[in-house]
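Enquirer: The working numbering runs 154 ahead of the 1-based position in the sequence shown.
Cβ atoms here follow ideal geometry from the backbone N, Cα and C, with glycine treated the same way.
Below is one structure. I have some questions about it.
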Amino acid sequence: MAALHRIRIVDGAEFDCGEDERVLLAMERCGADDIGVGCRGGGCGICRIRVVDGDYRTGKMSAEKVSDADRAAGFALACRLYPADDLLIEVT
Ligand code: FES
Numbered sequence: 155m156a157a158l159h160r161i162r163i164v165d166g167a168e169f170d171c172g173e174d175e176r177v178l179l180a181m182e183r184c185g186a187d188d189i190g191v192g193c194r195g196g197g198c199g200i201c202r203i204r205v206v207d208g209d210y211r212t213g214k215m216s217a218e219k220v221s222d223a224d225r226a227a228g229f230a231l232a233c234r235l236y237p238a239d240d241l242l243i244e245v246t
């Protein structure tokens, strides 16, 4: 089984997320609603967050919603975010 990582949201919920699980879906599974949920497919931008601390990888994200500069600054779409470490994230 893939490793579980602890996801903490600044001023919000805390939950576990598998390394192959998307953070947005793990949040929903745990009954939290800190991050907005839209298309769940990397297109609408509603679930945009910033990773404050921790390693992660991302799947395909709309370049219109998260530019290269945004990515470099830690912004990502939670529905396309996979933790590689415990993460601290901020809802933007
Ligand atoms: S829910 Fe639409 S981009 Fe994540």
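1) Alpha carbon to alpha carbon, how far is Gly190 from Asp170? Give it in angstroms, no decimals.
2) Taking 7 angstroms as the line, does the beta carbon of Gly213 fall inside it for any heavy atom of the ligand FES?
3) What residues are listed by DSSP as bridge partners for Thr212?
4) With Ala156 and Glu182 assumed to form a contact (beta carbons below 8 angstroms), what rounded beta-carbon distance in angstroms separates them?
5) Compare the beta carbon distance of Ile163 and Asp187 with 8 angstroms and say whether it is the shorter of the two.
6) Among residues of its own chain, excluding the 5 on either side of Thr246, which ones have a beta-carbon nearer than 8 angstroms to its beta-carbon?
7) Do you know how far the Cα of Ile161 is from the Cα of Ser221?
8) Quick one: what's Leu242 bridged to in DSSP?
9) How many angstroms separate the CA atom of Tyr236 from the CA atom of Arg176?
Expert: Once the coordinates are examined:
1) In the sequence shown, the residue the question calls residue 170 occupies position 16. In the sequence shown, the residue the question calls residue 190 occupies position 36. Computed Cα separation, rounded: 18 angstroms.
2) In the sequence shown, counting from the first residue as 1, residue 213 sits at position 59. No; taking the cut-off as 7 angstroms, the Cβ of Gly213 has no heavy atom of the ligand FES nearer than that.
3) Position 58 of the sequence shown holds residue 212. DSSP lists Leu235 as partners of Thr212.
4) Against the sequence shown, residue 156 aligns to sequence position 2. Against the sequence shown, residue 182 aligns to sequence position 28. Incorrect: roughly 18 angstroms between the Cβ atoms, too far for contact.
5) As a working mapping, residue 163 is identified with position 9 in the sequence shown. As a working mapping, residue 187 is identified with position 33 in the sequence shown. In this structure, Asp187 does not lie closer than 8 angstroms to Ile163 by Cβ.
6) Position 92 of the sequence shown, counted from the first residue, corresponds to residue 246. These residues qualify, in order along the chain: Arg202, Ile203, Arg204, Phe229.
7) Counted from its first residue, the sequence shown places residue 221 at position 67. Counted from its first residue, the sequence shown places residue 161 at position 7. In a straight line, the C-alpha of Ser221 is about 24 angstroms away from that of Ile161.
8) The residue you call residue 242 lines up with position 88 of the sequence shown. DSSP lists Arg162, Asp207 as partners of Leu242.
9) Locating residue 236 in the sequence shown gives position 82, counting from the first residue. Locating residue 176 in the sequence shown gives position 22, counting from the first residue. If you take the alpha carbons of Tyr236 and Arg176, they lie about 5 angstroms apart.
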